[in-house]
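Q: Residue numbers (the numbering used here): 76 to 232.
No residue lacks a Cβ here, since even glycine has one placed at the ideal position from N, Cα and C.
Structure provided below as structure tokens; questions to follow.
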Amino acid sequence: MNAALLLRPAAPADGAALAALDATGFVSDRWDADAWLSELDAPGRRVVLAEADGVVVAAIVTMVLGEVADLVRIVVHPAHRRGGLARRLVVEAAQAAQSAGAERMLLEVSSINDGAIAFYLDLGFTWIDLRPRYYRDDSDALILMRALEPSTAWSAS
Ligand SMILES: CC(C)(COP(=O)(O)OP(=O)(O)OC[C@H]1O[C@@H](n2cnc3c(N)ncnc32)[C@H](O)[C@@H]1OP(=O)(O)O)[C@@H](O)C(=O)NCCC(=O)NCCS
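Given below as structure tokens:
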């Protein structure tokens, strides 16, 4: 399935499609088209999406400021999950962040988002801190980190 996917930078014309995709992945903290489009021009941001037959099926937002990269958002349409697409997006973004000078990647994930936590742990992120009741649904934010040394391999699955 993933062989037919095209990865490309997001553009202003993608706002509505990104908002529709976002609604398939988030409940209490959805981003509308304006929220996605505001990322395109924000400092240090990189927004990459995956298209299948012209339909936006996944997207990732990362930010590099100095030696720290942040994984700001990632979402994969439910019909395209568990095929390695999110892994592909994170690895590609991490390699770009490394090239831009980042030495580690940080992210926040809700403590009740079991699927995403499993995904990040599988990619080698480790839990380093917690922000209590960070999200609108009152769940805590787990702060995860992964080093971006060139020698650190991403798991192969
Ligand atoms: C989290 C998310 C991005 C993962 O996307 P994905 O394309 O399905 O992930 P991958 O196929 O690359 O998964 C790679 C590995 O991560 C782990 N993993 C991914 N999703 C998982 C889940 N729901 N439960 C347990 N493990 C999971 C598995 O080890 C998987 O490998 P496997 O399928 O061979 O077992 C996707 O579920 C999603 O969009 N969720 C809604 C939005 C969201 O929560 N984003 C993160 C917010 S911080």
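Could you name the residues of the same chain whose beta carbon sits closer than 7 angstroms to that of A171, not counting the 5 residues immediately before and after it, in chain order?
A: Within the same chain, A171 has close Cβ partners R121.
Q: Does ligand 1 have a heavy atom nearer than 7 angstroms to the CB of L160?
A: The answer is yes for L160.
Q: Could you check if A169 belongs to the surroundings of ligand 1, using beta carbon to heavy atom distance under 7 angstroms?
A: Because no heavy atom of ligand 1 lies under 7 angstroms away, the Cβ of A169 does not count as near it: no.
Q: Would you decide whether T201 is buried or exposed? Buried here means 16 or more other CB atoms lie within 10 Å of its CB.
A: Counting Cβ neighbours within 10 Å, T201 comes out exposed, since fewer than 16 surround it.
Q: Leaving out five residues before and five after L115 in sequence, what residues of the same chain have Cβ atoms less than 7 angstroms from its Cβ?
A: These residues qualify, in order along the chain: A85, P87, V122.
Q: When every heavy atom of ligand 1 is checked, does at least one fall within less than 7 angstroms of the C-beta of G100?
A: It does: the Cβ of G100 is within 7 angstroms (strictly closer) of some heavy atom of ligand 1.
Q: Return helix, strand or coil for G141, following the three-state DSSP convention.
A: If DSSP states are grouped into helix, strand and coil, G141 belongs with coil.
Q: Let me confirm a value: V147 is counted as buried when at least 16 other C-beta atoms fall within 10 Å, else exposed. Which label applies?
A: It is buried - the Cβ of V147 has at least 16 other Cβ atoms within 10 Å.
Q: Determine, using beta-carbon pairs with one atom in the segment 131-141 and one in the segment 171-187, whether at least three such pairs fall under 8 angstroms.
A: As far as the Cβ criterion goes, the segment 131-141 touches the segment 171-187, which means the pair count is three or higher.
Q: Would you check whether ligand 1 has a heavy atom nearer than 7 angstroms to the C-beta of A191?
A: Flag set: Cβ of A191 near ligand 1.
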